[in-house]
Amino acid sequence: MSLDSHFAELEPELPPVPMSAGNYEPIVRAGNLLFVSGQFPIENGAFRYIGRVGAELSEAEGYAAARLAALNVLAQIRAALGTLEGLERLLRVEGHVASAPDWNNAPKVLDGASDLFVAALGGRGRHTRTAFTPASLPFHLPVELVVTALVKPDWTAQIAIP
Amino acid sequence: MSLDSHFAELEPELPPVPMSAGNYEPIVRAGNLLFVSGQFPIENGAFRYIGRVGAELSEAEGYAAARLAALNVLAQIRAALGTLEGLERLLRVEGHVASAPDWNNAPKVLDGASDLFVAALGGRGRHTRTAFTPASLPFHLPVELVVTALVKPDWTAQIAIP
Amino acid sequence: MSLDSHFAELEPELPPVPMSAGNYEPIVRAGNLLFVSGQFPIENGAFRYIGRVGAELSEAEGYAAARLAALNVLAQIRAALGTLEGLERLLRVEGHVASAPDWNNAPKVLDGASDLFVAALGGRGRHTRTAFTPASLPFHLPVELVVTALVKPDWTAQIAIP
């Protein structure tokens, strides 16, 4: 079964690729390494979740926000490679969760991203992870994901990567 | 026109390379990847800006601080490679902006770094970016940049990289 | 003298490899790059230090916490490669120190990690570094280290890396 087969059932959920918030690229490739700009829980150009987990948002909403940010990561990679078939595997996921002072369970929230990656990509979605619990993130969003990935060595169809 | 030609008009602004604040290297190379230690708005060994954007500093000062931190990144790369001609391109810029609780416009401040990189390096200066808004950064500095870059594959003049 | 000889005297201190806190891998390899998940001051499965430096913890305790987190990094790399002989060198150490509002000396605390790496690995332990001073980290731990490393090009004994 191909990678995209695994991904097929999630594809309808894939959000449109969000625009960059400044003077930068969504993805840059160096050799087979893929550097993805920070991704947020954005859907159709709108901030779907706002606030800190443990205050304005529940842990379940945080989990859903992490999942949505992960869908944006996949949308960006698909837009850059043409299809997720070109993705060899994920390498590192840095997960930042805006956290209320008395809440501290970021790993559970970040499993919203990790579970989605593994569900969508199987073994290729397995990754290292780092968790952070800042008091706030840009635009008061609850989750930011910074992903580094690997492209298949023979993948030459670079459609949108500068 | 060579890369350094683009850079020539900015060169007089290039600050002296700051010293490391501890037991670490300013730059390490692995293959063609270049890892640069966190850079700050330092000029001639002094902290040029102190405080949080939205409190002690205005947004315009934040932008200028990000630009100065970016100049330090270029100064470090030039010191390591001998000349910026050896730089293939920037890959990732992680931008941390010390932010007052009620201020949240880090992307605008970080464009101070991104605009400088693109002005100095042209297409080679284009990069992915991540934005963070911590309550504080080391030494109460307003901006920290963590840059990953790519060296030209045939660039052998490694002058100062361990 | 081999790498492991340098490391020999520190080896009795090496903690057991901690379990992942969620759905992710401790280490992933891409080519010769090694991505290590965030490591904390954990010993025998227990959080050895809790709290912020400058409040619940002294600077000396922060230094010790950074050192213990660094030992966990080495434990993870050894578990993945079989022996630290397979490690070419460290590349980047991102150091996050949970900091009280009126305390700001993260570089001194992070030297607890850097000094350990250099003592254990010699020149191969030298690295670039970035310092961050968030108000809190996952599980109220005082230090988190995110390490990127390089494997020897001919190192094929991949025992536990997915």
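Protein chains in written order, with my numbering: chain W, 728 to 889; chain G, 728 to 889; chain A, 728 to 889. Every residue gets a Cβ at the ideal spot worked out from N, C-alpha and C, and that includes glycine. Values in this document were obtained by computation on a predicted structure and should not be read as measured data.
Neighbouring residues, chain A, relative to leucine 798 (chain W) (Cβ below 8 Å): Neighbours of leucine 798 (chain W) on chain A: none; closest Cβ ~16 Å, over 8 Å.
DSSP-derived helix/strand/coil call for serine 826 (chain W): If DSSP states are grouped into helix, strand and coil, serine 826 (chain W) belongs with the strands.
Burial state of alanine 797 (chain A), where buried means 16 or more other Cβ atoms lie within 10 Å: So alanine 797 (chain A) counts as buried.
For histidine 867 (chain G) and lysine 835 (chain A), the rounded distance between their alpha carbons: Between the alpha carbons of lysine 835 (chain A) and histidine 867 (chain G) lies a distance of about 15 Å.
Phenylalanine 762 (chain W) - containing beta strand (DSSP E), residue span: Phenylalanine 762 (chain W): member of the beta strand (DSSP E) spanning 760-763, first to last residue.
Helix, strand or coil at phenylalanine 844 (chain W) according to DSSP, with G and I counted as helix: Secondary structure at phenylalanine 844 (chain W): helix, using DSSP grouped into helix, strand and coil.
Within 7 Å, strictly: CB atoms of leucine 818 (chain A) and leucine 877 (chain A): Contact flag set, yes.
8 Å contact criterion, which glycine 822 (chain G) and arginine 856 (chain G) should meet: CB distance rounded: Contact holds; Cβ gap of about 6 Å.
Proline 745 (chain A) burial status per 10 Å Cβ neighbour count (16 or more: buried): Proline 745 (chain A) comes out buried.
C-beta neighbour in chain W for tyrosine 751 (chain A), strict 7 Å: So yes, tyrosine 751 (chain A) belongs to the interface.
Reduced DSSP category for alanine 782 (chain G) - H, G, I as helix; E, B as strand; rest coil: DSSP, read as helix, strand or coil, puts alanine 782 (chain G) in coil.
Within-7 Å CB hit, glycine 789 (chain A) to chain W: Chain W, which has no Cβ nearer than 7 Å to the Cβ of glycine 789 (chain A), makes this no.
Pairwise C-alpha distance: asparagine 831 (chain A) and alanine 748 (chain W): Using only the alpha carbons, I get a separation of about 30 Å.
Inter-residue spacing [alpha-carbon to alpha-carbon] between leucine 848 (chain W) and serine 785 (chain A): Taking the Cα positions, leucine 848 (chain W) is about 44 Å away from serine 785 (chain A).
Chain-ordered neighbours of aspartate 842 (chain A) on chain G, where CB pairs are closer than 7 Å: What aspartate 842 (chain A) touches in chain G: Asn750.
Burial state of methionine 728 (chain G), where buried means 16 or more other Cβ atoms lie within 10 Å: Its pLDDT being 43, under 50, methionine 728 (chain G) is placed unreliably by the model, and the measurement read from it follows with that caveat. Classification of methionine 728 (chain G): exposed, given that the 10 Å Cβ count is below 16.
Contact with chain A by serine 826 (chain G), beta-carbon distance below 7 Å: No, serine 826 (chain G) lies away from the interface with chain A (no Cβ there is under 7 Å from its Cβ).
Within-7 Å CB hit, glycine 813 (chain G) to chain A: The beta-carbon of glycine 813 (chain G) is placed no less than 7 Å from the nearest beta-carbon of chain A.
Chain-ordered chain G contacts of histidine 856 (chain A) [CB-CB under 9 Å]: Before going on, a small fix: residue 856 (chain A) reads as arginine here, not histidine. Residues of chain G passing the Cβ test: Ser747, Ala748, Gly749, Asn750, Tyr751, Glu752, Ser764 and Gly765.
Valine 870 (chain W) and proline 768 (chain W) closer than 7 Å at C-beta: Taking 7 Å as the cut-off, the Cβ atoms of valine 870 (chain W) and proline 768 (chain W) count as close.
As assigned by DSSP and simplified to three states, the class of arginine 775 (chain W): Arginine 775 (chain W) falls in the coil class under three-state DSSP.
Under 7 Å between C-beta atoms of alanine 858 (chain W) and alanine 840 (chain W): The Cβ atoms of alanine 858 (chain W) and alanine 840 (chain W) do not sit closer than 7 Å to each other.
Valine 874 (chain A) classed as buried or exposed, judged by whether at least 16 other C-beta atoms fall within 10 angstroms: Flag for valine 874 (chain A) reads buried.
C-beta contact flag for glycine 852 (chain W) and phenylalanine 844 (chain W) at 7 Å: Annotated as proximal: glycine 852 (chain W) and phenylalanine 844 (chain W), with beta-carbon spacing under 7 Å.
DSSP state of leucine 868 (chain W) mapped onto helix, strand, coil: Three-state DSSP puts leucine 868 (chain W) in coil, outside helix and strand.
Distance, alanine 825 (chain A) Cα to tyrosine 776 (chain A) Cα: Here the alpha carbons of alanine 825 (chain A) and tyrosine 776 (chain A) stand approximately 11 Å from one another.
Straight-line gap, arginine 756 (chain W) to phenylalanine 762 (chain W) (C-alpha atoms, nearest Å): Each residue's Cα considered, the two are about 6 Å apart.
Beta-bridge partners of isoleucine 890 (chain A), as assigned by DSSP: The structure shown does not extend to residue 890 (chain A), since chain A is modelled only from 728 through 889, so no value can be given for it.
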